[in-house]
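To keep things clear, I will list the structure first and then write my remarks on it.
Number of protein chains: 2
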Amino acid sequence: MYVYIVPVKSFRCLKTLHFLNVHNEVFYVPQGLVSYSMPAEEIESVSLPVGWKSYISPEGRKYYVNTSTKGTTDVCICVCQLHGAMEMEESFDAEGSFDDVSCLSPQSPGSTSPARRQNKEKEIKETKITINCVTFPVSMSAPEQQLLKPSEWSYCDYFWADKRDPQGATVSGFEVLLQKQLKGKQMQKEMAEFIRERIKIEEEYAKNLSKLSMFPMAAQEEGTLGEAWAQLKKSLADEAEVHLKFSSKLQSEVEKPLLTFRGDNFKKDMKKYDHHIADLRKQLVSRYAAVEKARKALADRQKDLEVKTQQLEIKLSNKTEEDIKKARRKSTQAGDDLMRCVDLYNQGQSKWFEEMVTTSLELERLEVERVETIQQLLRQYTTLRHETDMFNQSTMEPVDQLLQSVDPAKDRELWVKEHKTGDLRPVDMDI
Amino acid sequence: MYVYIVPVKSFRCLKTLHFLNVHNEVFYVPQGLVSYSMPAEEIESVSLPVGWKSYISPEGRKYYVNTSTKGTTDVCICVCQLHGAMEMEESFDAEGSFDDVSCLSPQSPGSTSPARRQNKEKEIKETKITINCVTFPVSMSAPEQQLLKPSEWSYCDYFWADKRDPQGATVSGFEVLLQKQLKGKQMQKEMAEFIRERIKIEEEYAKNLSKLSMFPMAAQEEGTLGEAWAQLKKSLADEAEVHLKFSSKLQSEVEKPLLTFRGDNFKKDMKKYDHHIADLRKQLVSRYAAVEKARKALADRQKDLEVKTQQLEIKLSNKTEEDIKKARRKSTQAGDDLMRCVDLYNQGQSKWFEEMVTTSLELERLEVERVETIQQLLRQYTTLRHETDMFNQSTMEPVDQLLQSVDPAKDRELWVKEHKTGDLRPVDMDI
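These protein sequence lines map, in sequence, to chains A and B. Using UniProt numbering, you'd call the opening residue of the first sequence number 1 and step up by one each time. Using UniProt numbering, you'd call the opening residue of the second sequence number 1 and step up by one each time.
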């Protein structure tokens, strides 16, 4: 396997190559990385980050492309399986930027000697990689990790690595989870606003119906027809009542709970979690620095011992065995220092690991609670709507009854009794 | 019976008297009225006009009072049953205005001579009265009139007499019926206006719901919860549709028919009837005038004959039998003229009578039709309201379904798949 840093101009360039970009566009390459290997199957099992897709080339080889960077100059680390630099060159078409390719492997591009390939295979045994001061396994020979909570798509299983946001800043997986919760609070606020707007509409409607019910149109209609008409007009006031009741319940049973079921403490709690986890990462950074410093110190001490031993052998200097013993002691000490630093680092990482699991599960629980609470409140909304329509229907009952009783004959009797002028009929005049 | 014209100051005055005011406050007294009688039972059967009530005095006598004129100086014709003027005087209390009482009877107030009472009883045989040139029966000895359409409170039975409106103008019974129909047209117009206002309210409501359904609140909610929320927002647009449909049907199935079911021809037809009946009354007025003229001419001729016959007997003049024959001939002629005039008058009255029956029955039919049509249209209104509430309910179904399907675990899976940063867990660093 060869490791290249390639600016990706167009995914069309990458026809026959196998690429893996583990952390979106840029794979942070820490000092000290020599090489790493990852077989194609492992590439599959680590699911591709957002925007990466896998394709089959005409030749039948699988390759992975970052589709979201088409046309940009992002750099990606390409892990080329079994391809030498020459084959890389051949694969790039004229639009490629092969000149920009630099190989991280000890061997420079162009070298394909079997001896080097053999050395490569030795280096392939490298099994871990530290990215942003967090140490992950890489080797296919390492026992495969089981998910902590299989089949649950749990937060504690999928947010270990950092990523880069569109501006290029580093964002921890935990940060992504936190942002999700804060966004959830924003969502409930916006839903409450929506309900508020509905309330306003209902109140306006009720006001209009109420006003209209008092207009004097056809108030002079009398009898059974007049009664039915009066009740019809009144029914608008009844409808207005129904809608006012609806809006009132919307406020108390939907809007208010949406606004208040995560109190102000919620944001404070989120900040607390944020700082706590961030602090643990910062500690990890400083402990990793200590490890690197100790490693360098050890290398220096070992080199010093080697030089001094060689000098003794060729009798280059008048260094005594005393000097060699001293050098050996310092070397041993440096080794102890390194062990201690690595220990502290591992403890720090474990601590962060535990907090990550605990806190991400809490965030997961909060999200389940949020979804269920909102589901509940929205069900309350539909219940109130059902109720309202039923109450509204019932306002028609008295109107229907009175319309049923409309009786032209009765109305005539009532009106004639009130307005008649005389029932004596004229008779012939006598002479 | 005595007939008095009494200014009525206070109904308290009229404790023990029986009054009948046949046409509200003023009973039009035509020339030639001598007296008329009406027994108490007949007073009952002609139902009291508006404002008139009957009371029982402490002595147990029934009396009728115009309660709406308390404190005014309306004049009424009082028919006092079996009370002489002296009893009238006794009955008025200090607040009365008995000085203003004038008796229409040949005997002046204060006179209670039996001889005069006997004359009164002779005059009581008067059986008809002509009011506003229409001749009505008054005597209790006349065969009682049966209603043309008993138990139906038909227009053709109760609008024979004229009345006075509040301004004092004469209004025919037919006019009252006509005004009722014109008012009915006004009623349907006002009802249509009311429906129009409802339509406007519905359109406003629909517009507001439709706008709100497109607001972007919580548009970023994803997964099953996001789907349910999106459907909830969409349901407002569905509700808007329902209300728009309602307003549209209100317009075509209620408002429009209310405006148009009596066409413009209606007012023309009413005018036609009005003029036709009024013309027949006018004709009656001129024919009545002819009768009065002929009656007077006959009286003159008769007087002339009488004088001439007397003169012959006392040999006062040298008039010959020839002159008497001439006078007798003229008298006979005048008698024939009178008969002819009375005949024409009676024909005219019969014609008017027939048209009154026909036309008032047509107006009655139109009123039944109006009431039934309006009943129908208002039932359509309530039907549309019922429909609307049901359609409105159904807009909640898809929302309920999606809320049912809200699944926090599924939403977590979807979100984690999209946003995860890496599932490789950290491992201890090697030395």
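The beta carbon of each residue, even a glycine, is placed where N, CA and C say it ideally should be. Everything numeric in this text was worked out from a predicted model, so none of it was measured.
Across the structure, Y288(A) and F136(A) are spaced so that their CA atoms are roughly 14 Å apart. Neighbours of Y158(B) across chain A, judged by C-beta separation under 8 Å: V416, K420, T421, G422 and D423. Judged by DSSP in its simplified three-state form, T383(A) adopts helix. With its beta carbon less than 7 Å from one in chain A, E193(B) belongs to the interface. Closer than 7 Å at the C-beta level to chain B, one finds these residues of the region 324-358 of chain A: L338, M339, V342, Y345, N346, Q349 and F353. Contacts with chain A at 7 Å (Cβ-Cβ) do not include T260(B).
Scanning the region 131-214 of chain B from its first residue to its last, the whole beta strand (DSSP E) runs of 3-plus residues come out as 134-137. Counting along the chain, no alpha helix (DSSP H) covers D264(A), and no H or E run does either.
Any Cβ of chain B closer than 7 Å to the Cβ of K163(A) would place that residue at the interface, and such an atom is present.
For M214(B), the closest Cβ of chain A is not nearer than 7 Å.
Take the alpha-carbon of K207(B) and the one of A240(B): they are about 7 Å apart. With at least 16 other beta carbons inside 10 angstroms of its own, M396(B) counts as buried. Nearest in C-alpha terms to C133(B), of all of K420(B), E387(B), P398(B) and L344(B), is L344(B).
Using beta-carbon distances, Y205(A) counts as an interface residue toward chain B, with a partner under 7 Å. Under the Cβ distance rule, M217(A) counts among the residues neighbouring chain B, one pair being separated by less than 7 Å. The C-beta of E306(A) has fewer than 16 other C-beta atoms within 10 Å across all chains shown, which makes the residue exposed. Under the Cβ distance rule, V254(B) does not count among the residues neighbouring chain A, no pair being separated by less than 7 Å. Assigned with DSSP and collapsed to three states, K128(B) falls in strand.
Counting C-beta pairs closer than 8 Å gives fewer than three between the region 349-364 of chain B and the region 198-215 of chain B, which falls short of the contact rule. No residue range can be given for D430(B), since it is assigned to no alpha helix (DSSP H) and is classified by DSSP as neither H nor E. With a contact defined as Cβ atoms closer than 8 Å, N392(A) and D389(B) qualify at about 5 Å. Spanning the alpha carbons of Q220(A) and G184(B) requires a straight line of approximately 9 Å. CA-CA distance, L236(A) to V416(A), rounds to 31 Å. Bounds of the alpha helix (DSSP H) holding G226(B) are G223 to L250. Within chain A, no C-beta atom comes nearer than 8 Å to that of T320(B); the closest sits roughly 31 Å away.
Around the Cβ of G168(A), a 10 Å sphere holds fewer than 16 other Cβ atoms; the residue is exposed. For Q181(B), no CB of chain A lies under 7 Å from its own CB, so it is not counted at the interface with that chain. Under a criterion of Cβ atoms nearer than 8 Å, the residues of chain B adjacent to E413(A) are, in order, W153. Counting only Cβ-Cβ distances below 8 Å, I431(B) has contacts in chain A at L338, M339 and V342, in chain order.
Taking the beta carbon of H386(B) as reference, the chain A residues within 8 Å of it are Q393 and M396, listed in sequence order. The beta-carbon separation of V406(A) and A228(A), rounded to 5 Å, stays under the 8 Å limit for a contact.
Per the coordinates, the alpha-carbon of Q146(B) lies some 24 Å from the alpha-carbon of E175(B). The beta carbon of L402(A) lies closer than 7 Å to those of E227, A228 and Q231 in the same chain, with the five residues before and after it left out.
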